[in-house]
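For the sequence shown, my numbering begins at 1 and goes up steadily by one.
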Amino acid sequence: MVAELTSGLVGLGFHLRHRLRRDKSARHEEFEHSEQRVNMYQRTLNIAIVIVLVVSAAACKPRQPKVNTTPTPGPTTAPVETAAEKPLPPPPLPPPPIAVEDKPIVRPVPDAVSSGSLDDLNRAALLKPAFFPLNSHDLDDEGRTIVGANADVLKKYATWIITVEGHADERGTAEYNLALGERRASAVKTYLISLGVSPDRLKVISYGKEFPFDPGHDESAWAKNRRAHFVITAK
């Protein structure tokens, strides 16, 4: 249909042009009127061509498929059966209380040693003296045993503070015996520290041969004076 319409319009155009040429040659004197008619024919031809093109474009446009707007039903789901909820079990009972036996508070009873004065403690000679061989500041087996027993007493009464006095017999110069007494007292202090007694509780002093415990002038007296003597100075 579009092709036939287009062919007819084209033939009409040729016919009009042929007629215009004939009219021009026949009526040359009516130039002005002919020119108007030509313009009119030309406009008519242009309008016809435009109409043909619009109709052709509308005929060639592909048709859109018809869209079905009816909603499709979704899949149906079967109802899910739920099991009947079971009641929770009761909470466990708390354990029975444990009976705690009240024990009496035992307070230490101060003994006679801890309650005595410093003079009483030193007169009781709870700390025994350690003795040394001639011209020596080394502790022998007997001396280490005595100092070890004194260390046990000091650990029991942990607040005591003592002074270790170094002594010598009357033989030799005063300077020599002061130095020897210093070495003897220091040796005892070192051994006490090795047994666990705090060094803050220990002081040393040397008296040399100035204060003998036995004023005799024989070997028996001299052996008693070569010693490290213990004095409790604070508790």
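Cβ atoms here follow ideal geometry from the backbone N, Cα and C, with glycine treated the same way.
Three Cβ pairs or more, each shorter than 8 Å: is that satisfied between the stretch 113-127 and the stretch 183-201?
no
Option in LEU192, ASP218 and THR44 with minimal Cα separation from ARG144:
Counting from one through the sequence shown, the residue named residue 144 turns up at place 144. Cα-wise, what sits closest to ARG144 is LEU192.
Use the C-beta contact count for ALA130: other C-beta atoms within 10 angstroms, 16 or more gives buried, fewer gives exposed.
As a working note, residue 130 is residue 130 in the sequence shown. Burial call: buried.
Tell me whether HIS217 is buried or exposed, calling it buried when 16 or more other Cβ atoms sit within 10 Å of its Cβ.
Locating residue 217 in the sequence shown gives position 217, counting from the first residue. So HIS217 ends up on the exposed side.
Rounded to whole angstroms, what is the Cα-Cα separation between SER115 and PHE230?
The count along the sequence shown starts at 1 and reaches residue 115 at position 115. The count along the sequence shown starts at 1 and reaches residue 230 at position 230. If I take the Cα positions, the gap works out to 19 Å.
Which residue wins for smallest C-alpha separation from GLY166, given the options ASP138, GLY148 and LEU154?
Stepping through the sequence shown from its first residue, residue 166 is reached at position 166. Minimum Cα distance to GLY166 is reached at ASP138.
Please say whether SER206 and ALA185 have beta carbons closer to each other than 7 Å?
The count along the sequence shown starts at 1 and reaches residue 185 at position 185. The count along the sequence shown starts at 1 and reaches residue 206 at position 206. Against a cut-off of 7 Å, the Cβ pair of SER206 and ALA185 comes out as a contact.
Which residues share a DSSP beta bridge with GLU219?
Reading the sequence shown from its first residue, position 219 is the one you call residue 219. GLU219 is not bridged to any residue.
VAL197, enclosing beta strand (DSSP E) - first and last residue:
For the purposes of this step, residue 197 is taken as the residue at position 197 of the sequence shown. Element bounds for VAL197: n/a, residue is neither H nor E.
Take LYS86 and list the residues in its own chain whose beta-carbon comes closer than 8 Å to its own, dropping the five residues that flank it on each side.
The count along the sequence shown starts at 1 and reaches residue 86 at position 86. Taken in chain order, the list of residues that qualify is empty.
Would you verify that the beta carbon of PRO92 is, or is not, closer than 7 Å to some beta carbon of chain C?
Among the protein chains of the structure shown there is no chain C, as only one such chain exists.
CB contact flag (ASP140, ASN225, <7 Å):
Locating residue 140 in the sequence shown gives position 140, where the first residue counts as 1. Locating residue 225 in the sequence shown gives position 225, where the first residue counts as 1. It is not a contact, given that the beta carbons lie outside the stated cut-off.
If you run the structure through DSSP and keep just helix, strand and coil, what is GLU210?
Here the question's residue 210 lines up with position 210 in the sequence shown. Looking at GLU210 - three-state DSSP - the assignment turns out to be coil, as it is neither helix nor strand.
Would you mind sorting PHE132 into buried or exposed? The rule is 16 or more other CB atoms within 10 Å of its CB.
Position 132 of the sequence shown, counting from 1, holds the residue named residue 132. When all chains shown are included, PHE132 counts as buried.
Would you kindly work out how many angstroms separate the C-alpha atoms of ASP200 and TRP160, rounded to a whole number?
Walking along the sequence shown from the start, residue 200 turns up at place 200. Walking along the sequence shown from the start, residue 160 turns up at place 160. Distance between the alpha carbons of ASP200 and TRP160 is about 10 Å.
Once DSSP output is grouped into helix, strand and coil, what is the label at ARG19?
On the sequence shown, position 19 is the one that residue 19 refers to. Three-state DSSP puts ARG19 in a helix.
Using 8 Å for Cβ pairs, my map puts VAL164 next to LYS189. What's the rounded Cβ distance?
As a position in the sequence shown, residue 164 is number 164, starting the count at 1. As a position in the sequence shown, residue 189 is number 189, starting the count at 1. 6 Å between Cβ atoms; contact.
Measure the alpha-carbon distance for PHE213 versus ALA228 and round it to whole angstroms.
Taking the sequence shown and counting its residues from 1, the one referred to as residue 213 is at position 213. Taking the sequence shown and counting its residues from 1, the one referred to as residue 228 is at position 228. Cα to Cα, the separation comes out at about 11 Å.
Please report how far the alpha carbon of PRO94 lies from the alpha carbon of LYS155, in whole angstroms.
Indexing the sequence shown from 1 puts residue 94 at position 94. Indexing the sequence shown from 1 puts residue 155 at position 155. Distance between the alpha carbons of PRO94 and LYS155 is about 49 Å.
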